[in-house]
Every structure is written in C-alpha cells, then in structure tokens.
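Trainee:
Residue numbers (UniProt numbering): 1 to 464.
1) Three-state secondary structure (DSSP) at residue 351?
2) Using 8 Å as the threshold, is the C-beta distance between residue 234 and residue 186 below it?
3) Residue 25 lies in the alpha helix (DSSP H); which residues open and close that run?
4) Please classify residue 365 as buried or exposed, where buried requires at least 16 other C-beta atoms within 10 Å of its C-beta.
5) Tell me which same chain residues have a C-beta within less than 7 Å of the C-beta of residue 50, skipping the five on either side of it?
6) Quick test of your reading: residue 72 and residue 249, contact by CB under 8 Å. State the CB separation rounded to the nearest angstrom.
7) Whose C-alpha, out of 295, 319, 381, 202, is nearest the C-alpha of residue 280?
8) Only counting runs of 3 or more residues, tell me where the beta strand (DSSP E) segments fall wholly within the stretch 153-237, in order along the chain.
9) For the beta strand (DSSP E) containing residue 415, name the first residue and the last one.
10) Where do the N-terminal and C-terminal ends of the alpha helix (DSSP H) with residue 396 fall, by residue?
11) Do the stretch 192-205 and the stretch 129-148 make contact, defined as three or more Cβ pairs closer than 8 Å?
12) Taking residue 274 as the reference, give the member of 81, 160, 460, 447 with the closest Cα.
13) Just checking my contact of residue 379 with residue 277 at CB under 8 Å: how many whole Å lie between their CB atoms?
14) Can you give me the start and stop residues for the alpha helix (DSSP H) that residue 332 sits inside?
15) What is the rounded straight-line gap between the Cα of residue 182 and the Cα of residue 326?
16) Using the Cβ count rule (16 or more neighbours within 10 Å means buried), how would you classify residue 335?
17) Please report the Cβ distance between residue 159 and residue 245, rounded to the nearest whole angstrom; I am assuming they are in contact, meaning their Cβ atoms lie under 8 Å.
18) Based on DSSP bridge pairs, tell me the residues matched to residue 317.
19) Identify every residue that forms a DSSP beta bridge with residue 410.
20) How many Å lie between residue 330 and residue 394 at the Cα?
21) Are there 16 or more other CB atoms within 10 angstroms of the CB of residue 359, so buried, or fewer, so exposed?
22) Less than 8 Å between C-beta atoms, sequence neighbours within five positions excluded: which residues of the same chain meet that for residue 85?
23) For residue 146, write down the residues that DSSP places opposite it in a beta bridge.
24) Around the Cβ of residue 315, are there at least 16 other Cβ atoms within 10 angstroms (buried) or fewer (exposed)?
25) Which one or two residues does DSSP pair with residue 46 in a beta bridge?
26) Does the beta-carbon of residue 333 have 16 or more other beta-carbons within 10 angstroms, so that it is buried, or is it exposed?
27) Excluding sequence positions up to five away, which residues of its chain have a Cβ less than 7 Å from the Cβ of residue 318?
28) Using 8 Å as the Cβ pair cut-off and three pairs as the minimum, do the stretch 122-129 and the stretch 32-45 touch?
29) Helix, strand or coil for residue 312? Go by DSSP, reduced to three states.
30) In this structure, how does DSSP classify residue 247 when only helix, strand and coil are distinguished?
31) Output the distance between the C-alpha atoms of residue 9 and residue 17, rounded to the nearest integer angstrom.
32) Between the beta-carbon of residue 195 and the beta-carbon of residue 219, is there less than 8 Å?
33) Work out the CA separation of residue 59 and residue 25 for me, nearest whole Å.
34) When you compare each of 79, 76, 94 to residue 54 by their alpha carbons, which one comes out closest?
35) The alpha helix (DSSP H) that contains residue 405, what's its start and end?
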C-alpha cells in the first residue's frame with residue numbers, strides 16, 4: 001500500500017488541538033515571563049496552583065462563547081482575530097474580578113497590561129500559525145466513494161460543504177446497470193474491478209460506502225474491500241462519515257433502516273441525568289424569570305411605543321409524546337398577524353414589528369417560556385416545539401419528523417445554535433437532522449455545549 005499519507009486531523013481532533021494548545025501555550029508564556037522578568041501578578045507555585053486552573057477554565061469558556069473552536073472561524077484570519085480580542089478581553093476582565101481565586105490586583109497597573117498582552121499575543125501567533133499551516137490544503141483527507149452514480153454530487157457536497165479538508169478523489173459506481181460511459185463526473189470514476197489496484201498506488205485515508213443497492217456490491221468488489229480492510233485501509237459507511245462531520249443524522253439516506261442507524265441516547269432513560277436536567281431547568285428558569293423582571297420595563301415601554309397591542313402571546317405547540325400545550329411569548333408581530341390562517345415566519349416577515357425584530361434577535365421574546373419550563377411543558381434544551389398544523393404538514397413530507405417528540409421541547413437546542421433561521425421544507429429537514437443528533441447523543445456535556453453556543457448566538461445578535 002502507498003504509505004505516503006498526508007497529515008489529517010478529524011474535526012473533533014482539530015477542536016481538541018486548538019483547545020489544548022490555547023491553554024498550554026498561554027500558561028507556558030506566562031511562566032516564562034514571570035521567570036525572566038519582574039512580573040509578579042501571575043506566578044507559578046504549589047501555593048497558587050488554583051490561579052492557573054481558574055485562568056484555564058475562563059479561557060476555555062470564553063473561547064467557546066466567542067467561537068474560537070468554530071472551525072470556520074478558526075480557519076479565517078480576520079474572524080479569528082476578532083474572536084481573540086473578545087476572548088482575551090473577557091477572560092482578563094473576569095480574572096481580575098475574581099480575586100478570591102486569582103491574584104490580588106497589583107498596585108502597578110502595567111502588570112495588568114503585560115498580562116493582557118501576553119495572552120493576546122500568544123493566542124494571536126498560535127492561531128495565525130494554525131490558519132496558514134495546520135488549516136491548509138496540505139492536511140486534506142482523501143477518500144474514495146462507493147455509491148450509485150446518480151447520487152454522486154449530492155453525497156460529495158454533503159461532506160465537503162461542512163469539512164473543506166475532506167476530499168473525495170474518485171468513486172466506484174455501485175450500480176453498473178445504470179453506468180453511462182459517456183457521462184462526465186466531478187471526480188474520477190474507477191471501474192469496480194480496478195478498485196484495489198487504484199488504492200494500492202494512491203494515497204488515501206479511507207473508503208466510504210454509500211450504496212443503498214446491495215446488488216451493486218458484487219462478489220469481486222466485496223472481495224477487494226475485504227483485502228483492503230485486511231491491509232489496513234479504513235472502510236466506513238457514508239452515514240457514519242456524514243454524522244461525524246456534520247453533527248447531524250442523515251435521515252434522507254437511511255430509508256427504512258432508520259432505527260438501525262439511530263440508537264436512542266441512554267440519557268433518555270437515565271434517571272440521574274433526567275433529575276439533573278429537571279433541577280437545571282428549575283434553577284435556570286427561576287434565574288431567567290428574575291432576569292426578565294430587569295428587562296420588563298424596557299419591553300413594556302418598547303411595546304407601548306413600537307408594538308401597540310397585547311404584551312403577551314400564546315400559541316399551541318406540540319410537546320413530548322405529541323401532547324399539545326400552550327406556549328407563552330412576548331408578542332413580536334402586529335395584531336391579527338394570522339387572520340388568514342397559520343403560515344411559516346419568513347426571514348424578513350413584514351408582520352414582525354421593528355421592536356419585535358429587536359426582541360427576536362436578542363431572544364427577549366422567549367423569556368415567558370421559562371413559565372412553560374417550570375410547568376414541565378418544556379426543558380431548557382431540546383428540539384424547538386412546532387405548531388400542530390405545521391407538524392402535520394411537515395410529517396407528511398418528511399419521514400421520522402415526529403421522532404422529535406420523544407423528548408421535551410426546549411427553549412434552545414442543537415438545531416438553533418448550529419443553523420440559521422429557515423422557512424422551507426429543506427430547512428426543516430436540516431433542523432430535523434440536528435434535532436435527531438441531539439436525541440441520539442443527548443448528554444450533560446452536549447447540553448453545556450448548547451448553552452455556551454446559545455450565549456454566542458445572543459452576543460453576536462443572530463436570533464430570529
């Protein structure tokens with residue numbers, strides 16, 4: 001086999017690499033500065049070990065909030081500089097404001113400037129190195145696709161649009177009965193009988209099987225795949241690659257075998273996890289309602305000036321196990337917005353008032369839903385609840401849509417923090433893929449990730 005493989009980091013490995021090097025390099029630079037210069041604010045010893053721990057925690061939290069581990073941001077030199085500025089500023093600010101677990105504020109304020117510049121410069125140089133070297137095309141992962149030729153372009157774009165470092169360089173048509181020798185393809189086509197020979201002389205990372213027609217896997221092709229597997233070539237199923245790359249469940253490719261690809265998360269029956277979630281829901285809702293009281297005068301005034309009419313708005317939504325409940329929101333549309341019947345909200349919906357747009361962008365209109373959470377209708381995290389009429393319409397066109405209802409709907413969710421607002425069936429499919437991924441992988445760590453991403457959504461004014 002050709003052993004000249006280029007370096008490639010999986011998406012999860014790249015994020016871990018960024019997180020580890022951010023933390024280790026910052027601590028290392030601070031250690032060097034405190035050892036070589038008269039920098040007394042941040043020093044290293046057994047007695048103040050907690051200082052390093054708190055700094056590492058703050059750095060990781062705010063790096064996540066300001067999207068330092070979003071690979072699209074991390075690979076763009078201009079976007080990552082903005083994130084570094086925000087991350088460094090917020091980390092240093094919080095570090096200075098918690099002197100119980102961090103050093104006492106120095107009398108010499110130059111020490112604070114040195115502290116800030118040390119963190120900022122370290123992150124800047126390391127991340128620019130990542131942009132120009134580690135995130136370059138030299139670290140591309142090459143793969144060969146075994147699929148039906150009519151699905152080729154769709155299958156390729158499904159992965160490469162999310163991970164530009166993943167490249168399909170050739171494919172084998174698994175349905176030779178529909179082969180068209182005159183047709184041109186976006187990548188090289190390999191005759192099925194030549195697959196093993198091609199792999200032996202080409203540097204690839206893995207083979208991906210995407211055919212839904214088992215008849216296309218001939219005895220000859222099957223034997224070649226076995227030989228390649230025995231020689232160390234990684235062979236994976238397309239849905240697995242898709243899920244790992246996109247963090248979505250590709251329901252459009254699994255057909256009737258859906259439940260073979262979709263084992264429900266054990267957390268859905270884990271009583272300790274469910275108890276933790278409920279306690280978290282109650283505590284977070286109480287805090288949210290108290291915080292809502294702070295913003296209430298602003299919302300009331302804005303409603304009187306730019307959104308005259310009832311302050312609150314209720315609507316039927318579908319919850320867990322398909323049960324219908326009434327959701328509470330601050331009204332963001334004109335009165336009688338649905339006088340002609342229920343319709344999807346569009347991106348630039350004229351029914352939304354000027355103040356309503358502000359509330360949607362900042363998520364202030366969602367505050368009354370903490371009441372739904374306290375009542376048990378909803379959770380903080382879960383698929384967003386839809387209206388019964390829309391559920392019926394979408395479910396008729398989209399298999400497995402009602403699988404979303406095996407868990408409580410949420411105030412925020414995996415789909416909301418990963419996908420912009422959409423009002424079409426295609427958008428609903430993408431959001432369903434994200435929702436099913438959450439249901440499949442539901443855990444405390446994924447919940448924390450969603451909470452952090454939600455703060456990013458609010459801070460960067462991306463609500464709808």
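Beta carbons are placed, not taken as given, at the ideal position from N, Cα and C, and that holds for glycine. Every value quoted in this text rests on a predicted model; they were computed, and no experiment measured them.
Mentor: On the basis of the supplied data:
1) coil
2) no
3) 11-36
4) buried
5) 101
6) About 21 Å; that fails the 8 Å criterion.
7) 381
8) 166-173, 206-209, 234-237
9) Run containing residue 415: none in the beta strand (DSSP E); it sits in the alpha helix (DSSP H), 414-418.
10) 388-397
11) yes
12) 447
13) 6 Å
14) It is not in any alpha helix (DSSP H) - residue 332 carries neither H nor E in the DSSP assignment.
15) Summary for residue 182: the model assigns pLDDT 49, below 50, so the residue's position carries little reliability, and this model does not support an answer.
16) exposed
17) 5 Å
18) 325
19) 379
20) 26 Å
21) buried
22) 120
23) 172, 209
24) exposed
25) According to DSSP, which records beta bridges pairwise, residue 46 is partnered with nothing at all.
26) buried
27) 324, 385, 386, 388, 391, 405
28) no
29) strand
30) coil
31) 9 Å
32) no
33) 12 Å
34) 94
35) Premise fails: residue 405 is in no alpha helix (DSSP H) and is neither H nor E.
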